[in-house]
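Visitor:
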C-alpha cells in the first residue's frame, strides 16, 4: 500500500470541501506557470495584443515561460497567483467536494451504481455552481496573467488583487466581474465532466478488474487520463473564454462574436492555441490534485476519528 489506507467511514462533507480546496491550491502552486503560458499563447494574435506582440513573441511552453522571465522578471509566470488560489478555494471546493453528493442525489433509489449519464449530470451541475460563485476570481486571474509588463513605461493597470476587483467593478460595473460567465460555465461544465467522470470511471474499472489497488498508482493513472480527456474536449471553449474575459469593453459583442472573429481572422486552429501548455498544465494539475485530495481525505478522516 502506498500512502494512507482508505478510511472505513466515508469522508464527511467538511472533509471533502476542505480537502478539495487545499489539494487544488497545492496543485496550482506547482503548475501555475504552465497556466500563465497557456493564457499568453491563447491571446497571441489577438488584435488587442498586436502592439505587444511586435515586441514579444511566444513560441512553445518553455519558450513562453523563458521569454516572460527574460522580459518581465522571474516572478512573471506567477502573475495572478493570489486570485488563482482564491479561485481554487471557492471553485474546487464546490465542483469536486460536492460531486459525490450530487451524484448520489441524481442516482435513482435502490440503484447500486451510478450510470455514466448520472455522473455527467453531476459534473455539469457542480461545475456550473462553482463558476457562478468563483467567476470574479477567474476574471482577475486571467487579467493578471494576460498583462504584459515590459518596463516603467508599461505600468500595470492593477496594483494588486484587491485593487483589480475594485477597478473592474468601478470601470466596467459589477457585471464586469462576471464577464465571460457563460463561456466559463460551458468550459468548466465540460472540464468538470471530463475530469470527474473520467477519473471516477477509470478508478472504478481499475479497482473492479484488480489491476491496481486503491493507492497512488491507481490515483495517478486515473488522474492522468482525466487531464488528457479534459484538455481535448475543453480547449476550444477555454480559448474563447480567455480571450473574452481579457478583452476591453466593446471588443467583442458576445462570446459567440469572439468565436466567429477568431475563426475569420485566424482559422479554426486558433481554438487549439496553447494546447500543449494546456495539457501539460491540466494533466499535471489533475495528477497533483487528485493524488493530494485522496491522501488529504484519509488524513483528515484519521484526524477526525476519536482516539
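In my numbering, the protein residues as written are 2 to 308.
Don't be surprised by glycine CBs; every beta carbon is placed ideally from N, CA and C.
Keep in mind it's a predicted model, so treat the numbers as computed, not measured.
For a minimum of 4 consecutive residues, which ranges assigned as the alpha helix (DSSP H) are wholly contained in the segment 174–250?
Guide: List check, alpha helix (DSSP H) in window: 182–193, 199–209 and 217–247.
Visitor: Do the segment 264–273 and the segment 207–227 make contact, defined as three or more Cβ pairs closer than 8 Å?
Guide: No: the two stretches stay apart, fewer than three of their Cβ pairs being nearer than 8 Å.
Visitor: So for residue 164, helix, strand or coil by DSSP?
Guide: Against the chain shown, residue 164 aligns to sequence position 163. The answer is helix: DSSP assigns residue 164 an H, G or I state.
Visitor: Give me, in chain order, the residues of the same chain whose beta-carbon lies closer than 8 Å to that of residue 258; leave out the 5 immediate sequence neighbours on both sides.
Guide: If you number the chain shown from 1, residue 258 lands on position 257. Taken in chain order, the list of residues that qualify is empty.
Visitor: My guess is that residue 22 and residue 93 are in contact by the Cβ rule of under 8 Å, so how many angstroms apart are they, rounded?
Guide: Position 21 of the chain shown, counted from the first residue, corresponds to residue 22. Position 92 of the chain shown, counted from the first residue, corresponds to residue 93. Yes, residue 22 and residue 93 are in contact; Cβ-Cβ is about 5 Å, under 8 Å.
Visitor: To the nearest angstrom, how far is the alpha carbon of residue 243 from that of residue 301?
Guide: Residue mapping note: residue 243 aligns to position 242 of the chain shown, counting from 1. Residue mapping note: residue 301 aligns to position 300 of the chain shown, counting from 1. Cα to Cα, residue 243 sits roughly 35 Å from residue 301.
Visitor: Going by beta carbon distance, what residues of the same chain come within less than 7 Å of residue 27, once the five residues before and after it are set aside?
Guide: Walking along the chain shown from the start, residue 27 turns up at place 26. Hits under 7 Å: 289 and 293.
Visitor: Kindly list the residues whose CB is nearer than 7 Å to the CB of residue 119, restricted to its own chain and excluding five residues on each side of it in sequence; keep chain order.
Guide: Counting from 1 along the chain shown, the entry for residue 119 is found at position 118. Around residue 119: 104, 107 and 108.
Visitor: Buried or exposed: residue 90, going by 16 or more other Cβ atoms within 10 Å of its Cβ?
Guide: Position 89 of the chain shown holds residue 90. Counting Cβ neighbours within 10 Å, residue 90 comes out buried, since at least 16 surround it.
Visitor: Relative to the C-alpha of residue 1, which residue among 128, 246, 211 and 139 is closest?
Guide: Residue numbering for the chain in the displayed model covers 2 to 308; residue 1 lies beyond these limits and cannot be assessed.
Visitor: Nearest-angstrom Cα distance between residue 145 and residue 17?
Guide: Sequence index remark: in the chain shown, residue 145 carries index 144 (1-based). Sequence index remark: in the chain shown, residue 17 carries index 16 (1-based). One C-alpha to the other measures close to 30 Å.
Visitor: Just checking, does the segment 225–235 make contact with the segment 275–284 on the three C-beta pairs under 8 Å criterion?
Guide: These segments touch.
Visitor: Can you confirm whether the segment 30–46 touches the segment 73–80 when touching is taken to mean that 3 or more C-beta pairs between the two stretches lie within less than 8 Å?
Guide: Output reads yes: the segment 30–46 touches the segment 73–80.
Visitor: Among the candidates 170, 213 and 42, whose CA atom is the shortest distance from the CA of residue 278?
Guide: Start at 1 with the first residue of the chain shown, and residue 278 comes out as number 277. Out of 170, 213 and 42, 42 has the C-alpha closest to the C-alpha of residue 278.
Visitor: In this structure, how does DSSP classify residue 171 when only helix, strand and coil are distinguished?
Guide: On the chain shown, residue 171 is found 170 positions in, with the first residue counted as 1. In this structure, residue 171 counts as helix in the three-state DSSP scheme.
Visitor: Excluding the five sequence neighbours on either side, which residues of its own chain have a C-beta within less than 6 Å of the C-beta of residue 179, listed in chain order?
Guide: What you label residue 179 is simply residue 178 of the chain shown in a count that begins at 1. Taken in chain order, the residues that qualify are 136.
Visitor: Report the three-state DSSP secondary structure of residue 44 (helix, strand or coil).
Guide: Counting from 1 along the chain shown, the entry for residue 44 is found at position 43. Helix.
Visitor: Among the candidates 291, 140 and 195, whose CA atom is the shortest distance from the CA of residue 168?
Guide: On the chain shown, residue 168 is found 167 positions in, with the first residue counted as 1. For the residues 291, 140 and 195, the minimum Cα distance to residue 168 belongs to 140.
Visitor: Cα separation between residue 19 and residue 25?
Guide: As a first step, residue 19 is located in the chain shown; it is residue number 18 there, counting from the start. As a first step, residue 25 is located in the chain shown; it is residue number 24 there, counting from the start. Rounded to whole angstroms, residue 19 to residue 25 spans 10 Å at the Cα level.
Visitor: Mind reading off the beta-carbon distance from residue 88 to residue 142? Whole number of angstroms is fine, and I expect it under 8 Å.
Guide: Reading the chain shown from its first residue, position 87 is the one you call residue 88. Reading the chain shown from its first residue, position 141 is the one you call residue 142. With a Cβ gap of about 6 Å, residue 88 and residue 142 count as contacting.
Visitor: For my contact list, residue 256 and residue 245 are in at a C-beta cut-off of 8 Å; report their separation, rounded to the angstrom.
Guide: Numbered from its first residue, the chain shown carries residue 256 at position 255. Numbered from its first residue, the chain shown carries residue 245 at position 244. Right, the Cβ-Cβ distance comes to about 5 Å (below 8 Å), so this counts as a contact.
Visitor: Along the chain, where does the alpha helix (DSSP H) containing residue 275 start, and where does it finish?
Guide: Along the chain shown, one-based indexing puts residue 275 at 274. Element bounds for residue 275: n/a, residue is neither H nor E.
Visitor: According to the Cβ coordinates, are residue 271 and residue 240 closer than 8 Å?
Guide: Translated into positions along the chain shown, residue 271 becomes position 270. Translated into positions along the chain shown, residue 240 becomes position 239. Yes, these two residues count as a Cβ contact at 8 Å.
Visitor: Quick one: is residue 63 buried, meaning 16 or more other Cβ sit within 10 Å of its Cβ, or exposed?
Guide: Along the chain shown, read from residue 1 onward, the residue named residue 63 stands at position 62. Exposed.
Visitor: Determine the contact status of residue 298 and residue 12, defining contact as a CB-CB distance below 8 Å.
Guide: As a position in the chain shown, residue 298 is number 297, starting the count at 1. As a position in the chain shown, residue 12 is number 11, starting the count at 1. For residue 298 and residue 12, yes; Cβs fall inside 8 Å.
Visitor: How about residue 190 and residue 125: do their beta carbons lie closer than 8 Å?
Guide: Mapped onto the chain shown, residue 190 falls at position 189. Mapped onto the chain shown, residue 125 falls at position 124. Taking 8 Å as the Cβ cut-off, residue 190 and residue 125 qualify as a contacting pair.
Visitor: Among the residues of its own chain, which have a CB less than 6 Å from the CB of residue 1, if the five just before and after it don't count?
Guide: Past the edges of the chain, shown from 2 to 308, lies residue 1, and the structure says nothing about it.
Visitor: Count the other CB atoms, across all protein chains shown, that sit within 10 Å of the CB of residue 14; report buried if there are 16 or more and exposed otherwise.
Guide: Residue mapping note: residue 14 aligns to position 13 of the chain shown, counting from 1. Exposed, since its Cβ has fewer than 16 Cβ neighbours within 10 Å.
Visitor: For the alpha helix (DSSP H) that residue 99 lies in, which residues bound it at each end?
Guide: By 1-based counting over the chain shown, the position of residue 99 is 98. Segment: none, residue 99 is in no alpha helix (DSSP H) and carries neither H nor E.
Visitor: Check the C-beta distance from residue 309 over to residue 123 and give it rounded, since I have them as a contact under 8 Å.
Guide: With the chain running from 2 to 308 in the structure shown, residue 309 is simply not present.
Visitor: Rounded to a whole number of angstroms, what is the C-alpha to C-alpha distance between residue 163 and residue 199?
Guide: For the purposes of this step, residue 163 is identified with residue 162 of the chain shown, where counting begins at 1. For the purposes of this step, residue 199 is identified with residue 198 of the chain shown, where counting begins at 1. In a straight line, the C-alpha of residue 163 is about 36 Å away from that of residue 199.
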